[in-house]
Structures are given as structure tokens and as C-alpha cells.
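All remarks here apply to the structure that follows.
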Amino acid sequence: MQATTPKSSEAPIRPTWDEYFMMLAKLAATRSTCLAFPVGAVIVKDKQVLATGYNGPPAGSPHCTSQGYCYPGLSSCDASKYMPSRAVHAEANALAQAAKHGIATAGARIYVTLEPCLSCLKLVISAGIREVFYETPFNSGESAFIRNSFIAEGLVSLKQIQISEAIAQKAAAFLLNPTSVKPR
Ligand SMILES: [Zn+2]
Ligand SMILES: [Zn+2]
């Protein structure tokens, strides 16, 4: 599919706030340094970005992407049932970035390209974040059961959201071409 710049005669379309922050989470995911699927996260309060994160080994440790494997013989940090992941998940990295810089996360929301795993969901809840917006579902079975118990306890809400085709096309056109030029 070819991304095209909308013609000037068409009414300009703008992303909703949810679409805007999810697009930022997707951009953060482009920085992922783990060979597992890329994940990006953005913590937002009052429509202001507080912190961003993507999945990768802790700061200072070699990137899975540069050494060519997560563990020797393991193509993904999430590929083994026995070895713990080397990667810090995107949500945890965003929370760590906020902590490192002394930014309060109470009452914030988080936008993530993948539904948080239980470890991250627990961190998110304990960091005072009550609303989670995600693109792709993740938890199933017992993990979904525990997630649902947190929801039932009123600790957190989760909502799956999708960027509209028209907005995705606009963003792609902005990325593929110089953005700030006169409309033709
Ligand atoms: Zn990895
Ligand atoms: Zn996680």
C-alpha cells in the first residue's frame, strides 16, 4: 500500500489523543533492542508525555540485536520457559525512566503496543497508573484470570485501541516525505 499525502482540497484529518499517543508508542518500539517482538510504551498525564520506553536489556548491557541473540542459542528473550528474559519490558523501562528523572506517575495513563504482561501490569498499578491502552492482546489462561481479578478489584482498566487506516496513512506519508512543506 502506497502512502500518499492528502490533497489540500480534502479536510485535514487529525489523530484523536488515543491515536496520537499510540503512534508515539509505536515510534518508541522502533528503538527496541531485543530480538523478541518490539514493544513501545508511553506514559501520559493530562495529555502530556511523561516518559517513554521500549523493550531491551538494562542500560549498559549489550543489546540482543547487536550480539545477534538474546541468550546463546535463543532467538528471543521470551523464547524459553526456563531462562528469564534479559530484556526490561517497555512499560518497566518507561516507569524506570520516570523514576530516574523524578517524574510522578500517579494518576497517569499508559499506552502500550502490547497488552502488559502480569509483571508489568503489577508495576503499572503500583506506580499509580489506573488506565492502560494497548493495541495487541497478550494475556491468556491464568494470566488473563489474574488480570481480570485486578480489573474486578477496581485497580486498573484496560482498553484495546486501534489507529484508524486514514490516520496511519497520514502518519506514514509524514514519515516518508518532508513534513513541513507547502501543500501542492
Ligand atoms: Zn532479547
Ligand atoms: Zn512486561
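According to the working numbering, the sequence shown holds residues 1402 to 1585 in order. Beta carbons: idealized from backbone N, C-alpha and C, even for Gly. It should be emphasised that the depicted structure is a prediction, and the values quoted were computed from it without experimental measurement.
query, result
"Ligand 2 heavy atom lying under 7 angstroms from the CB of Ala1493", "yes"
"Cβ-based burial, Phe1534 [other Cβ within 10 Å; buried from 16]", "buried"
"Span of the beta strand (DSSP E) around Gly1441", "1441-1446"
"Ordered list of beta strand (DSSP E) runs contained in the segment 1524-1559, each at least 3 residues", "1532-1537"
"Ser1486 burial status per 10 Å Cβ neighbour count (16 or more: buried)", "buried"
"Identified DSSP bridge partners for Ala1452", "Ile1444"
"Phe1422 classed as buried or exposed, judged by whether at least 16 other C-beta atoms fall within 10 angstroms", "buried"
"Segment contact flag, the segment 1518-1537 with the segment 1469-1477, C-beta cutoff 8 angstroms, min 3 pairs", "no"
"C-alpha distance - Ile1511 paired with Ala1491, whole-angstrom precision", "11 angstroms"
"Paired residues, beta bridge with Tyr1472 - DSSP", "Leu1475"
"Sub-8 angstroms separation of Ala1509 and Lys1446 beta-carbons", "yes"
"8 angstroms contact criterion, which Ser1558 and Arg1531 should meet: CB distance rounded", "7 angstroms"
"The segment 1436-1443 contacting the segment 1542-1549, beta-carbon criterion three pairs below 8 angstroms", "no"
"Top-ranked residue by Cα proximity to Pro1538, from Ser1544, Cys1521, Leu1515, Leu1522", "Leu1515"
"For Val1489 and Ser1541, the rounded distance between their alpha carbons", "21 angstroms"
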